[in-house]
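The structure appears right after this line, and notes come after that.
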Amino acid sequence: MRPWRGHAEAQRPRSSDLGARTAAACAVTDLPAREVVLVFRGDLEQRRRISGTARDGRESVTEPKQGTDKMNMNGGQALIRSLELEGVEVVFGMPGGAILPVYDPIIDSPIRHILVRHEQGAGHMAEGYAHVTGRPGVCMVTSGPAVTNIVTPLCDAFMDSVPLVAITGQVPFAAIGSDAFQECDTTGITQAVTKHNYLVTEAQEIPRIIREAFHIASTGRPGPVLVDVPKNIVDPNNPDSQMEWYWPESVDLPGYKPTLKGHPKKIREAAELIVASTRPVIYAGGGILNAHAAEALRELAEMCDIPVVTTLKARGAFPDDHPLALGMPGMHGNYTAVTAIQRSDLLLALGSRFDDRVTGKLPAFAPDAKVVHVDIDPAELGKVRQPDVPIVGDARLVIEELVAVLGKLGGAEAQPDRSYWRSQLSGWQEKYPLTYQQSEPGEALKPQFVLERLRDSAPEDCIVVTGVGQHQMWASQYWGFKHPYTWVSSGGLGTMGFAIPAAIGAKVGRPDRMVWAIDGDGCFQMTAQEMVTAASERIPIKVGILNNAYLGMVRQWQEMFYDERYSEVYLSPDLPDYVKWAEAMGCVAFRVEAPEEVEPIVEKANQIDDRPVVVEFRTDSMEKVYPMVPAGHSNDDIVVDPTHGEGGR
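Under the numbering used here, the first residue of the sequence shown is numbered 1, with each subsequent residue one higher.
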């Protein structure tokens with residue numbers, strides 16, 4: 001994972017017009033990552049010109065008046081002004097007592113505010129926005145219970161290295177520690193789930209802290225940063241909130257300087273291992289996407305003819321239809337991806353972290369492989385698997401330098417004969433494809449069939465957002481991703497309820513793209529209220545609920561490992577009535593129960609683009625996710641669907 005590269009020449013348009021934001025978002029997302037950040041920051045004069053008018057055309061209350069060199073303002077105005085100068089176009093949040101003074105100046109700001117129905121939704125929306133734009137998502141909530149409600153998305157962003165800035169209200173500074181109404185130790189509670197957090201003590205600190213927060217969130221290994229703001233610091237009626245406006249020319253953090261370039265000696269060692277390897281595999285993780293390194297990854301794979309596996313967080317980083325693509329590894333990865341890692345003699349781990357869901361039983365993981373591990377975060381190197389060649393650095397920069405060194409060693413011509421390895425991989429792919437048994441007439445829908453139909457009817461650049469559970473694994477397995485930044489999911493924390501709010505954030509970030517949220521009935525019930533947000537804000541996401549009437553993954557484990565003792569896992573297919581519920585929340589809704597109904601209803605859903613759509617698919621409650629590596633077992637114990645496939649080695 002990596003900081004963002006780029007130039008500071010262009011300044012993104014500032015407009016409340018959705019079409020202008022769409023065009024700008026399209027242009028920016030194709031840039032390398034640091035370019036994305038600096039495009040929105042610009043030079044000092046550009047920043048001063050960003051926010052001259054409010055949404056209704058009035059002059060921003062935070063804009064310096066013509067002919068004045070200095071301007072006094074209150075802390076709330078300074079905070080909103082700082083967000084404007086960081087290029088923030090949207091904030092997801094909910095007002096409350098301690099944060100109210102900040103909500104007043106936002107009325108006169110070009111920043112769009114999206115009012116959520118639960119603070120957890122604000123955090124996940126900010127995550128979804130960050131996933132598809134490469135820029136920090138911003139959420140803003142009040143103190144106390146609002147803070148505790150965003151702890152889950154903060155932790156989710158921390159685990160998955162998502163850039164996010166959270167602004168929280170706090171009781172007046174003098175009241176901290178007195179158990180005041182809606183007081184909590186925000187910085188203490190969130191210390192373990194943020195990359196960094198701040199408690200603002202003076203209004204004059206606000207511009208510096210906001211600038212630092214965005215810098216920290218988006219550089220090095222991205223992550224969430226929280227800024228806790230006591231009410232007296234932003235209350236216009238309190239003298240503590242008065243400050244003289246300024247904007248820092250630069251960020252000065254002497255103790256924070258991420259390493260970008262890999263060590264030349266280590267890169268040379270990695271190149272020599274590649275040239276000597278006959279069974280190499282590239283193990284690509286989410287750091288490839290954070291580094292905007294998809295093109296560099298493809299160049300490396302094609303030059304050296306090395307097959308690529310993409311983790312759950314890296315789906316789309318390497319096209320699934322590429323001849324070298326093996327798909328997803330891990331507990332529910334496909335047989336070839338899992339077994340290729342196990343049989344490899346060289347594992348190139350690029351922006352990946354050797355998650356336990358990928359390694360299985362650690363001592364048995366890739367036992368014959370030498371490991372080259374590239375990561376922007378030095379703490380990841382050796383944390384789980386000791387690498388033979390550790391390289392700290394930005395994934396894109398390291399891969400590009402590695403390609404250059406390999407070129408000097410002879411490039412493609414210097415690679416050994418790997419025909420046997422290719423033949424073995426092809427044999428596994430042919431023998432162990434992803435497969436499922438079609439429904440018989442009158443039977444419930446197969447979830448895999450539904451996902452195939454959704455995939456085939458959607459454009460290639462459709463953004464897919466999932467919750468967590470069986471539907472998440474099936475979506476990753478069966479959709480087939482050809483482009484980066486088209487897959488959004490909760491990986492490390494595994495947060496049920498992620499899909500709906502994250503899909504809203506993704507659609508706000510890329511309004512030009514179709515966005516499908518694939519959710520389970522259990523996940524949907526956790527954050528369904530945010531469909532009201534989507535309807536009221538006219539955010540036309542599409543939601544497919546795979547309703548199997550169970551907490552499906554839990555039921556699968558109870559069936560396989562707990563002697564079919566189904567404890568507290570049944571949800572009912574009819575309670576709630578998802579169609580009526582969705583309609584009550586302002587959405588268009590459909591129910592699909594037969595295979596022949598799937599395509600026409602999906603086509604109808606795809607044609608609706610002025611409001612959110614919910615499609616309930618009644619699916620087979622007995623269907624299980626295969627392949628599967630049982631928890632605690634070696635990847636060699638992978639089980640392919642025993643009903644209509646072969647399992648084991």
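Built from N, CA and C at the ideal position, the CB exists for glycine as well. Keep in mind that this is a model prediction, so the values were computed, not measured.
- In the structure shown, L300 falls within a helical segment according to DSSP collapsed to helix, strand and coil.
- When the alpha-carbon of A174 is set against those of L425, V200, I206 and N149, the nearest one is in V200.
- For I167, the enclosing beta strand (DSSP E) has its first and last residue at L164 to Q170.
- In the assembly as shown, P627 is a buried residue. Its beta-carbon has 16 or more other beta-carbons within 10 Å.
- Residue nearest to N290 within the set S572, M71 and H131 is H131 (criterion: CA-CA distance).
- In the structure shown, H373 falls within a strand segment according to DSSP collapsed to helix, strand and coil.
- One alpha carbon belongs to Y562, the other to G552, and they sit about 14 Å apart.
- Taking a C-beta distance under 9 Å as the contact criterion, P447 and E623 qualify as a contact pair.
- Contact between the stretch 514 to 522 and the stretch 543 to 550 is present: 3 or more CB-CB pairs across the two stretches fall below 8 Å.
- Contact between V488 and I504 is absent: CB atoms are separated by about 11 Å, not below the 8 Å threshold.
- Residue pairing from DSSP places P224 in a beta bridge opposite L164.
- For N149, the uninterrupted alpha helix (DSSP H) segment begins and ends at P145 to N149.
- Taking the C-beta atoms as reference points, S621 is found nearer than 9 Å to Y550.
- Here the alpha carbons of Y246 and T152 stand approximately 34 Å from one another.
- Separation of Y432 and V640 (C-alpha to C-alpha, rounded to the nearest whole angstrom) is 8 Å.
- In the three-state reduction of the DSSP assignment, H124 falls in the helix class, which pools H, G and I.
- The three-state reading of DSSP puts F498 in coil, since its state is none of H, G, I, E or B.
- If you compare the alpha carbons of Q429, I274, F92 and T148 with that of G411, the shortest gap goes to I274.
- In this structure the stretch 395 to 412 lies against the stretch 266 to 273, because at least three pairs of beta carbons, one per stretch, are closer than 8 Å.
- Contact annotation, M140 with I167: C-beta distance approximately 4 Å; criterion of less than 8 Å satisfied.
- Here DSSP, grouped into helix, strand and coil, assigns A157 to helix.
- If you look at G76, you'll find it in the alpha helix (DSSP H) that goes G75 to L85.
- Here E603 is not bridged, per DSSP, to any residue.
- Going by DSSP, E244 is part of the beta strand (DSSP E) stretching over Q242 to E244.
- In the DSSP annotation of this structure, the continuous segment of the alpha helix (DSSP H) that includes M531 starts and ends at E530 to S536.
- Assignment of V229 by DSSP, reduced to helix, strand and coil, places it in the strand class.
- About 19 Å separates the CB atoms of A340 and V374; that is not less than 8 Å, and the two are not in contact.
- For C139, the uninterrupted beta strand (DSSP E) segment begins and ends at G137 to V141.
- Around K383, the same chain offers R353 and F354 as residues with beta carbons nearer than 8 Å, after the five sequence neighbours per side are excluded.
- Judged by their CB atoms, F158 and P224 are nearer to each other than the 9 Å cut-off.
- Measuring C-alpha to C-alpha distances from V515 to each of V251, P540 and E249 identifies P540 as the nearest.
- The beta-bridge partner set that DSSP reports for M628 consists of V639.
- Counting along the chain, the unbroken alpha helix (DSSP H) around T359 starts and ends at D356 to T359.
- Classified as buried, R453 has 16 or more neighbouring CB atoms from the shown chains inside 10 Å of its CB.
- Residue Q558 holds the alpha-carbon nearest to the alpha-carbon of Y570 among Q558, Y578 and T148.
- With fewer than 16 other Cβ atoms inside 10 Å of its own Cβ, M560 counts as exposed.
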